[in-house]
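To keep things clear, I will list the structure first and then write my remarks on it.
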Amino acid sequence: MAAQRSSVLLAGLLLLVPVLLGSAFVEELDDTFMETTDPEEIWLIQFYAPWCSFCKQLDPVWHQIGSELRSLGSPVRVGKSDATVNTGLAKEFKIRNYPAILMLKNNVKFNYPGSRTKESIMDFVDRVSGPLVRSLSSTRLFQHAISHHDVLVVYVGATSELKGNLTAAAEELIVHTYFFSASREILPQEVTLTSLPAVLLFKDGTYFIYDEEQDGDLKSWIKRERFPNFFLIDGYTLYAMGESGKLVLLALLEERHLCEENLRYKHLVEKVATEHKDTYGRKFYFGFMEDSGYIDGLIMGEALVPSLMVVNLSNDGYFLPPAPIETELQLLDFLDGVLDGSVEALGGNCFTQRVRRFLYETRMTLMPVFRDAPVLGCFLIGFPLAVGCVFCYLCIKNRPGSADDDEDTPLLAPSMQRKKKLTEKKSD
Ligand SMILES: *[C@@H]1O[C@H](CO)[C@@H](O)[C@H](O)[C@H]1NC(C)=O
Ligand SMILES: *[C@@H]1O[C@H](CO)[C@@H](O)[C@H](O)[C@H]1NC(C)=O
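All the letters of the sequence shown, read from the start, carry residue numbers -24 to -1, 1 to 404 under mature numbering (1 follows the signal peptide of the UniProt record, and there is no 0).
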């Protein structure tokens, strides 16, 4: 009897262990967090909402990150907070969409801009939790850094105003890119520097030296140049590339390269990217995408795959080749046409396009709801509509002469609110 009881107790304890461990890896944060936390601590925090399906998908990843950081002995603590309950904290961090991922270090907040994979988030944690500008003290460390990162920004020289400017740029751009400092001796022999101090950007097997006169402000230069010239691009990265101000020539490919055409397009873009870098590199990035989801949203329809297109992320515009592209020469003609305005710009972010995009995204959000649960779908549409009608009716009825514009947010379904927030972010 006693043995039975103790085995039940043991089983109970064993069940409890993972629960306890789980909660230890990821701490649930509430509105008291800012008062109780030690400013010396570094935090990785996720804000979620109970209805957000992307947040649920992130849960296992979040737990893995928590446990991995713990086992690595990282000083970074991992937390999560329900933004619909802990509204004070969410307001403090200006949370506008879910899941929102950010780090808090020395009372400075760093928003995570990338895809929600463990690798990508861990990389972000590594970047932000370390020094803004890391010192590379040996050739071996330099080689290690360059083999692990597509793009390296390296400061060479003694302390100077330029270094101050680089550190200031790093405060904002550390969420995207690593920053290093090194002495002249540890750089490869083939790097030629005419003067010190200098800022170098290594990418695509070559390097660029910052020149204030030619390149303008240092931070803008890094923003412009911080992507590889040709690479596999995902939706998050493409969105972020808008900040560079460059156009992007994309090969849209099937996820599993099923037909020959895929490779042909990819190689064509890569060839132009490498062989005509001097002509087009200042205006264009080059790459390929294997998931057309982001592009479908941009062009508000289903993108042709495989295909080639140029996107202007500064204004959500895009350009399609007037005729199928077979040769390198035709592709170069297309790029020239985009630059000189002879190829028609489609899309864009003028008012009518924004309205169309909002309607498109609303439709895309609601379609799966209707498919899976038609009654719920009708309710989600019908309820706000009914409230809207009653509201309008009351407005008209009570209007003394001129109606005062009430800035009330309409009562949207949660899924639509999410879309709305995403759209807001896009048009930032
Ligand atoms: C540092 O930045 C300031 C302000 O942007 C600029 O005026 C100055 O020339 C920069 N200094 C160097 C050495 O780049
Ligand atoms: C891309 O968009 C920006 C911002 O609207 C605009 O200034 C630029 O001319 C566009 N580029 C092309 C090639 O249309």
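Glycine included, C-beta positions come from ideal geometry on N, C-alpha and C.
Predicted model only: the values in this text are computed from it and were never measured.
A227 in three-state terms, based on DSSP: strand
Contact set for S96: own chain, Cβ-Cβ below 8 Å, skip 5 residues either direction: G90
Terminal residues of the alpha helix (DSSP H) in which Y74 lies: No alpha helix (DSSP H) contains Y74, which DSSP labels as neither H nor E.
Any non-hydrogen atom of ligand 1 closer than 7 Å to L194 Cβ: yes
Top-ranked residue by Cα proximity to P204, from G269, T168, V224: V224
Ligand 2 heavy atom lying under 7 Å from the CB of A216: no
Assumed close pair I162, L176 - CB separation to whole angstroms, cut-off 8 Å: No, I162 and L176 are not in contact; Cβ-Cβ is about 12 Å, not under 8 Å.
Inter-residue spacing [alpha-carbon to alpha-carbon] between L31 and L20: Reading off the sequence shown, one finds Cys at residue 31, where the question assumed Leu. About 15 Å.
Buried versus exposed call for D292 [16 or more other C-beta atoms within 10 Å across all chains shown]: buried
Cutoff 8 Å: L138 Cβ touching any chain B Cβ: Looking at the structure shown, chain B is missing, and only one protein chain is on hand.
At least three beta-carbon pairs within less than 8 Å, the stretch 247 to 259 to the stretch 272 to 292: no
DSSP three-state assignment for V286, whether helix, strand or coil: strand
Counted within 10 angstroms of its Cβ, other Cβ atoms place L(-12) as buried (16 or more) or exposed: Confidence at L(-12) is low in this model, with a pLDDT of 48, below 50, so its placement is unreliable and the value that follows should be read with caution. Exposed.
Coil, strand or helix - I162 by DSSP: helix
Own chain, CB closer than 6 Å to P390, minus 5 neighbours either side, in chain order: Residue placement at P390 is flagged as unreliable, the pLDDT there being 39, under the threshold of 50; the coordinate-derived value follows with that caveat. The answer, listed in chain order, is W27.
Stretch-stretch touch, CB-based, cutoff 8 Å, three pairs: the stretch 110 to 127 with the stretch 64 to 83: no
Boundaries of the alpha helix (DSSP H) in which D192 is found, first to last residue: First, the amino acid is wrong: residue 192 is Gly here, not Asp. Taken as a continuous stretch (DSSP letters only), G192 belongs to no alpha helix (DSSP H), as it is neither H nor E.
heavy atom of ligand 1 below 7 Å from N141 C-beta: yes
Chain-order list of residues whose beta-carbon lies under 6 Å from that of A76 (same chain, five-residue window excluded): F23
Environment of F118 [buried if 16+ CB atoms lie within 10 Å]: buried
Contact check, L322 vs L296, beta carbons under 8 Å: yes
From Y241, R330, K195, C235, residue whose alpha carbon lies closest to that of E219: K195
Any non-hydrogen atom of ligand 1 within 7 Å of L169 CB: no
N-terminal and C-terminal residue of the beta strand (DSSP E) that R53 is part of: 52 to 58
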